[in-house]
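One structure is given here, and the rest of the page talks about it.
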Amino acid sequence: MFTPSDVQIGRVHSQLDTLAQIGRQPSGGVTRYTFSPDHLQVTHLTAAWMSAAGLDVLFDRWGNLVGHSPGVGPMVMSGSHLDSVPNGGHYDGVLGVIAALEAVTLILEQGLPVRKPLAVVSFIEEEGARFHGLLGSTLAVGQLNDAEIDAIRDGQGVGFRDALADSSFGYPLTDFDFRSDSDSFLELHIEQGKRLERAGIPIGIVTSIAGPTFMQVTFTGQADHAGATEYEDRHDTLLAAAEFIVALRELGTSRFAGRGHMTVGKIAARPNVTNVVAGETIFSVDYRAADVQTAAEMAEAIDELLAVTAARQRVTWHAEIGHQTPPTPARDRIRSAVETGADRAGAAHQPVVSWAAHDTMNMASVCDAGMIFVPCRDGRSHTPEEYVRPEDIATGIAVLANALLMLAQ
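Be aware that the sequence shown starts at 3, since it is given in this note's numbering, and climbs by one per residue.
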């Protein structure tokens, strides 16, 4: 049994602070694109820490880093990622990797018996700032075919395979296969929201990772003179979009309060001229739900709202689904281990939904998977202001260590 006082918080902060200097920006944030010199440097350094902790270090064929304890058979895994968004924070992803390393180190230092090997993982390209979000874990679990991988390119046209081949990991890439070598996966992550901080609760046990759907909606009306056309004669698509956006927010805060999030984040009006009524408006809709039933209800409600809005403003509408991911519920085995681990650590906890996507979603396709959240100040993330209190880090690691130990015994 581990408690927060067992965690070597000085060691943890030394590692976090060291990594925060690599890719550091004048603002204090970090920028580490996948396979960049800074990303490779933090990966090499983390691999060295894994080795110093007594772990065997390897890279899979895609550059995902694994440090595992001796033993055979499927592994009990924990980790996250070391890449970042531009000018990102010091904790997103990185805390999950370092917390996993500390938790596994505590178990090994105490010589506690385990039946299954323990592993610390760092996936490449979680953020998608260079190639594709969740790419490392997507590749690790075999969700892309060769043609799809060949087509992956960054903003400068560099192919993923070429970037991988040009990278130096300090270790040979291996045929390690997450699909057969994973018993379970538990990811510690900052909440990226305010629920835990507001409640004064140090541990969030993730019940589900919401599945996002991205839509592109087009309202088609008629472009007309902004001065000469009477209101009753207009087919104004920008007005229709504005009405829809407000109504969507009201729908999200009433019928779907606590069950889903809906957002319009991008919009373009045509011809986009000051003195012309917009004849066409195209905008995005991002909606996400914690369970498949709610996702289906949201899809139906959005379609109904589009139809009503279009009829009221005398325009037509068309919607296309660009991307759709189903919600990922945490496995009971993982949730039970985290709940017991929190109780043994003396940590208050509450169930939470992850509204952001994480590598755990992909790992859940090949093994039992789940997440632990710790609070971050003001819910800030993807920003230099990202911060987690040392006491919350220690509590999270103690809970993680207890849960990993139970899963491995």
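Even glycine gets a Cβ: it sits at the ideal position worked out from N, Cα and C.
The structure presented is a predicted model; accordingly, all values stated were derived computationally and were not measured.
Where D370 is concerned, the enclosing beta strand (DSSP E) starts and stops at 370-376.
The segment 241-249 and the segment 339-355 do not touch, with fewer than 3 CB-CB distances between them shorter than 8 angstroms. Between the segment 152-159 and the segment 99-119, the count of C-beta pairs closer than 8 angstroms stays below three; the two stretches do not touch.
Positions of the alpha helix (DSSP H) runs, each at least 4 residues long and wholly inside the segment 96-147, are given as 96-111, 137-142 in order along the chain. Within the segment 316-351, the complete beta strand (DSSP E) segments of 3 residues or longer fall at 318-326, listed in chain order.
When DSSP assignments are scanned along the segment 180-217, the uninterrupted stretches of alpha helix (DSSP H) that are 4 or more residues long and fall wholly within it turn out to be 180-183, 197-201. Scanning its chain for C-beta atoms nearer than 6 angstroms, with the 5 sequence neighbours on each side dropped, one finds around L60 the residues V68, T176, F178, in chain order. For L67, the uninterrupted beta strand (DSSP E) run begins and ends at 67-70, by DSSP. The beta carbon of R316 sits closer than 6 angstroms to the beta carbons of H237 from its chain, once the five residues preceding and following it are set aside; these are given in chain order. Going by DSSP, I395 is part of the alpha helix (DSSP H) stretching over 392-410. Listed in chain order, the non-local C-beta contacts of D85 below 8 angstroms within the same chain comprise R34, Y35, T36, H41, G95, I126, E127, E128, E129, A131, R132, local neighbours out to five positions each way being set aside. Rounded to whole angstroms, the gap between the alpha carbons of S383 and L307 is 32 angstroms. By the neighbour-count criterion, in which a residue is buried when 16 or more other Cβ atoms sit within 10 angstroms of its Cβ, K118 is buried.
The C-beta separation of G372 from I395 comes to about 19 angstroms, leaving the pair out of contact by the 8 angstroms criterion. Counting only the Cα atoms, T239 lies some 21 angstroms from G324. With a cut-off of 8 angstroms on Cβ pairs, the segment 399-409 is not in contact with the segment 42-49, counting fewer than three such pairs. DSSP places G254 inside the alpha helix (DSSP H), whose first and last residues are 239-255. Rounded to the nearest angstrom, the Cβ distance from A291 to A212 is 6 angstroms, consistent with a contact under 8 angstroms. Comparing C-alpha distances from L114 to each of G223, F4, I11, C378 shows the shortest one belongs to F4. Distance between F180 and E199, taken at the CA atoms: about 34 angstroms.
Membership of F285 in the beta strand (DSSP E) is indicated by the continuous run 282-291.
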